[in-house]
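Numbered per the UniProt record's numbering, the sequence shown spans residues 1 to 994. Where is the CB? At the ideal position from N, CA and C, for every residue including glycine. The next block holds one structure in the form of structure tokens; read it before the comments.
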Amino acid sequence: MVLALSKNHTTYETKTQAIAKELLAATQEKRSFLAQLQDQMRWDDKLLDWTMSNPGLRVQLFRFIDCLPALRSQPEIARHLQEYLTTEEVELPDALKKLLSFTGTDSPAGKIAATTVATAVKTLAQKYISGENIKQSIKTIERLRKDKMAFTMDLLGEAVITESEAQLYLNRYLELMDELTTVAQKWSKVPEIDEADGQPLPKVQVSVKLTAFYSQFDPVDPQGSTVMVSDRIHTLLRYAKKVGAAVHFDMEQYEYKDITLSILKKLLLEEEYRDRTDIGVTLQAYLRDSYQDLQDLIEWAKQRGNPITVRLVKGAYWDQETIKSQQHHWPQPVFNDKAATDANFERMTELLMENHQYLYAAIGSHNVRSQAHAMAIAETLNIPRRRFEMQVLYGMGDKLAKALVQRGYRVRMYCPYGDLLPGMAYLIRRLLENTANSSFLRQSQEDRPIEQLLAAPKVSEAQAKAEYHAKQAFPNAADTDYANIQLRQKAEQALKTVRQQLGKTYSPLINGEYVNTLETVDSVNPSHYSEVIGKIGMISIEQAENAIRAAKAAFPAWRQTPVRVRAGVLRKAAEIMEQRRHELVAWMVLEAGKTLRQADPEVSEAIDFCRYYADEMERLAAGYNYDIPGETNRYHYQPRGISVVISPWNFPLAIPVGMTVASLVAGNCTLLKPAAVTSVIAAKITEILVEAGIPAGVFQFVPGKGSTVGTYMVKHPQVHTIIFTGSQEVGSQIYGSAAILEPGQKHLKRVIAEMGGKNAVIVDESADLDQAVAGVVASAFGYSGQKCSACSRAIVLEPVYDAFVHRLVEATRSLNIGPGEVPSTQVGPVIDANAQARIREYIEQGKREATLALEMPSPENGYFVGPVIFTDVKPDAVIAQEEIFGPVLAVMRAKDFSEALDMANGTNYALTGGLYSRTPSHIDRAKAEFEVGNLYINRGITGAIVSRQPFGGFKLSGVGSKAGGPDYLLQFLEARSITENIQRQGFAPIEGVE
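Right under this line is the structure:
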């Protein structure tokens with residue numbers, strides 16, 4: 001082992017081996033694992049066993065189990081069974097093949113299959129869930145107490161996405177503690193678990209999740225989250241003390257770890273709680289920084305003066321953490337190698353138990369070696385019994401728990417309880433653990449040598465540091481992980497620095513020189529419209545003409561510039577953007593009203609555009625050779641000429657950068673006319689391109705009025721390409737104007753236009769409503785609905801309509817509205833007074849057409865419009881047909897999936913769309929029939945990523961290829977084919993012949 005170990009490690013190892021062998025003998029079945037696999041096995045046992053031997057079946061069966069609670073009838077269950085389990089990748093066992101061979105989902109055979117499998121899954125769930133209600137769970141607890149086992153009770157539930165749910169979560173725990181402690185008064189004393197070293201121990205313990213106490217819990221808002229969560233924790237801990245219950249705080253996803261520890265450390269130092277020793281917190285050994293967290297917790301506990309319990313576990317979200325880090329290009333927070341996790345668990349066990357006077361230990365594992373290791377330390381150091389205990393999950397470590405009890409140790413069973421529906425995610429995690437190849441439970445049931453099974457985990461330093469890396473054609477820039485306190489501090493400092501630069505004047509750049517203008521306009525902060533971000537010099541018609549002449553003069557040299565040099569400018573610009581990331585984010589927060597989480601990915605996208613288009617142009621520059629004997633045929637590209645980019649305000653960095661650098665790297669001279677309200681950010685783009693080495697005249701910054709300067713440039717005979725993002729009305733005008741051949745014009749202009757959408761998300765009866773509600777809320781109200789990809793229609797099938805609407809309204813009501821720079825804000829301002837007035841007109845229209853389900857109040861002193869939800873909206877309603885570009889959501893009811901698709905396709909737009917479904921046939925139909933350029937399934941519909949999700953639509957959503965895709969640059973190029981006869985007097989070289 002490369003990592004440092006305790007000085008007693010050798011002694012521990014000798015005892016560990018001896019104890020582990022005894023425990024293993026006590027936990028092993030009397031008959032072999034293979035002998036258990038007989039026909040008389042119950043269906044739940046069969047399903048579990050089949051998943052171990054068939055990876056394809058494992059994935060599909062777990063997907064079916066995840067979906068099962070949402071299915072409301074036997075025919076539905078039967079249909080989903082066939083859809084999930086009869087795909088090509090699934091090799092069915094004979095018994096299951098026979099069960100699924102029915103025809104007709106409502107046939108007797110179909111009903112038998114549905115009943116059989118549904119009952120088996122429910123039986124499977126009951127193995128891991130202590131009860132579906134408190135009555136059942138109390139019976140389970142009393143049975144455990146007879147076996148001399150303590151418990152901790154965890155309430156299964158839906159994801160907390162509304163404040164009413166957060167309050168309900170607290171209330172249910174208060175009721176749970178009240179019921180359990182009342183019943184506990186009748187329990188006879190069990191010395192092994194109710195006292196230790198002469199001290200009484202609480203008979204009742206509950207386990208809670210910090211994120212469930214506040215629906216907007218977010219590390220980007222540590223102060224607000226701390227205030228909101230602490231208020232409810234105070235209530236919980238005070239009541240727990242009153243009734244005599246212990247409280248343990250579970251650990252969840254990695255992003256919440258630091259803020260969870262910070263909140264608990266602060267709260268438990270308060271005088272009211274400082275002497276409490278009936279409180280605990282969990283640490284996860286699969287996290288790379290967990291050992292340091294434990295060291296920090298020990299130092300904190302020394303300062304506190306009284307121990308709390310640390311439950312040490314290995315961790316239950318490995319797949320999720322790995323996938324998330326890969327998608328965001330972040331360092332992997334979990335160990336990639338199972339042995340590294342096991343080794344870290346043992347190091348942490350030693351550190352924890354060797355500091356037992358400061359922290360109590362609760363060793364949570366089903367690995368016989370891990371528990372034996374802890375016991376070896378306890379026996380070696382004679383650790384008092386009060387200061388440590390063993391823990392296992394209900395249904396997974398029963399035999400191990402009994403063996404530990406027989407050796408005289410205090411054992412606590414982690415007992416989740418609740419309805420099957422919200423418990424399904426927990427069940428899936430348990431099944432994944434049970435059936436994983438690396439699972440100790442599975443390995444112990446196989447014919448592995450005892451020495452191999454119980455060997456100390458060995459891992460090299462390289463293995464410990466190794467991360468999983470998926471192969472990706474294009475490496476995207478990594479967004480900022482605001483769970484990292486250092487990065488949050490950089491963001492805060494950038495905001496302060498940028499605020500000191502407000503009010504400056506930004507001049508146009510024409511032919512390499514910043515020029516004065518007769519007219520300026522103020523760019524203001526939409527969160528505080530009295531605050532001027534900067535003054536923008538607006539060019540005149542004459543200056544526009546000068547810019548086009550400069551572009552024409554610069555074009556011959558730029559088109560001859562080698563592609564690698566042009567690409568080098570883009571890559572240099574990307575480097576500068578990465579260096580200035582936090583500053584650029586701050587400018588967007590202040591000038592566009594974005595929150596940190598909305599602005600930061602835009603910097604990543606701008607960087608990606610630079611790097612991706614540089615790569616793509618180098619690919620295209622190679623051209624194509626189609627030679628035959630005696631003749632060469634070459635196909636290559638050349639730039640078109642002069643481009644005018646007319647960019648929007650809603651993505652003030654990413655979209656203008658993408659359109660501009662695509663034109664530039666293709667060899668065109670390019671003029672950028674940004675939206676006036678976000679021209680300061682465009683000026684920053686200009687600074688970056690100049691610093692990156694763009695030649696004079698090749699790129700020019702030409703802010704000006706659209707009605708005069710914009711129209712002039714669109715109609716100019718020397719302009720070859722117009723790239724526009726904005727409204728359908730303006731885009732259509734540009735398209736029409738560009739089609740007119742002006743005097744002296746020797747080419748037809750090309751228009752690339754993205755003109756918005758009326759985007760729909762379909763939610764069917766099998767959808768995960770936790771995901772669907774959160775996804776629709778984020779897609780509809782992120783950046784106040786001011787994204788062309790935003791969800792403006794939610795089309796919900798009849799069976800789940802009422803439940804979805806209820807949670808949607810409450811989740812939206814729970815959002816925080818405020819200035820973009822305030823960390824707690826989820827919904828900021830709209831861009832200006834005109835947008836605010838237009839959106840309010842649509843809201844009034846909606847009140848005449850549909851039912852107003854929610855209208856949130858708006859703050860003063862900014863261009864705010866609170867989120868609005870209309871329900872029972874008709875497909876032909878104005879608010880269901882016209883793009884509103886604000887936080888207004890129309891919820892529509894569909895009787896079946898076919899009608900939902902018809903509604904989704906029933907507008908003039910075809911930009912983005914989404915589907916929340918766990919029905920394979922619905923997913924397949926959406927892929928084939930949902931008329932959108934970007935379709936997102938079981939996720940939000942905003943936030944397209946360069947290369948991964950090229951962006952753009954059709955119908956009246958726009959014309960041109962998808963941005964960030966492999967054919968986007970072709971729009972800025974003309975293709976040429978050159979054929980040369982290389983024969984001379986009948987002679988020509990023939991390749992391969994001497």
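Per-residue DSSP class, three states only, for residue i
i    : result
Y273 : coil
L283 : strand
F885 : coil
N668 : coil
Q500 : coil
S32  : The predicted model places S32 with a pLDDT of 42, which falls under 50 and marks its position as unreliable, so this point remains unresolved.
T11  : helix
D278 : coil
E754 : strand
C67  : helix
R788 : In the sequence on display, residue 788 carries Cys and not Arg. Correct three-state label for C788: coil.
Q40  : Confidence in Q40 is poor, its pLDDT being 44 and thus under 50, which makes the residue's placement too unreliable to answer from.
K673 : strand
A988 : coil
D876 : coil
V993 : With a pLDDT of only 48 at V993, under the threshold of 50, the placement of this residue in the model should not be trusted; the figure read from the coordinates follows. Coil at V993, not helix or strand.
Q216 : coil
T16  : helix
A470 : coil
G763 : The question names Gly, yet the displayed sequence has Val at residue 763. Strand at V763.
F249 : strand
A856 : Sequence check: residue 856 is Met here, not Ala. In the structure shown, M856 sits in coil (DSSP, three-state: anything other than H, G, I, E or B).
M1   : With a pLDDT of only 37 at M1, under 50, the local geometry of the prediction cannot be trusted, and the value read off the model is given with reservation. Note: M1 maps to coil in three-state DSSP.
N437 : With a pLDDT of 49 at N437, under the threshold of 50, the modelled position of that residue is not reliable, and the figure given next carries that caveat. Of the three classes helix, strand and coil, the one that applies to N437 here is coil, per DSSP.
D522 : strand
K895 : coil
Beta-carbon separation (whole angstroms), residue i vs residue j, contact threshold 8 Å
i    : j    : result
A780 : P887 : 7 Å
I646 : K673 : 5 Å
P333 : Y254 : 4 Å
N572 : G693 : In the sequence as presented, Asn is not what sits at residue 572; that position holds Lys. Yes, they are in contact, since the Cβ atoms of K572 and G693 sit about 6 Å apart, within 8 Å.
I734 : A894 : Incorrect: roughly 36 Å between the Cβ atoms, too far for contact.
Residues that DSSP places opposite residue i in a beta bridge
i            : result
R848         : Bridge partners of R848: none, in fact.
P200         : E195
R311         : T282, A362
K715         : Paired residues: none, contrary to the question.
residue 1017 : With the chain running from 1 to 994 in the structure shown, residue 1017 is simply not present.
N- and C-terminal bounds of the beta strand (DSSP E) containing residue i
i    : result
H528 : 528-538
T632 : 631-639
F151 : 150-155
M413 : 411-417
A975 : 973-981
Y626 : Where Y626 is concerned, there is no enclosing beta strand (DSSP E), given that its DSSP letter is neither H nor E.
Proximity test, Cβ basis, 7 Å: residue i and chain D
i    : result
P508 : The chain inventory of the structure shown lacks chain D, comprising one protein chain alone.
Where the alpha helix (DSSP H) through residue i begins and ends
i    : result
T260 : 257-267
A767 : Looking at the DSSP string, A767 is not in any alpha helix (DSSP H), and its letter there is neither H nor E.
V229 : 222-243
F388 : Looking at the DSSP string, F388 is not in any alpha helix (DSSP H); the run it does join, the beta strand (DSSP E), is 388-393.
E321 : 318-328
T341 : 338-354
With a cut-off of 8 Å, do at least 3 Cβ pairs link the stretch 888-897 to the stretch 835-853?
yes
Stretch-stretch touch, CB-based, cutoff 8 Å, three pairs: the stretch 164-183 with the stretch 108-123:
Touching, no.
Inter-stretch contact at 8 Å, needing at least 3 Cβ pairs: the stretch 325-339 / the stretch 258-278
no
Any contact of the stretch 350-361 with the stretch 469-479, i.e. 3+ C-beta pairs under 8 Å?
no
Should the stretch 124-144 be called in touch with the stretch 106-113, which here means at least 3 C-beta pairs below 8 Å?
no
Is the stretch 208-226 in contact with the stretch 149-164, if contact means three or more CB pairs nearer than 8 Å?
Two segments are said to touch when three or more pairs of C-beta atoms, one from each, lie closer than 8 Å; by this definition the stretch 208-226 touches the stretch 149-164.
Please determine if the stretch 525-533 and the stretch 682-692 are in contact, where contact requires at least 3 C-beta pairs separated by less than 8 Å.
no
Evaluate contact between the stretch 375-389 and the stretch 14-29, counting only Cβ atoms and requiring at least three cross-stretch pairs below 8 Å.
yes
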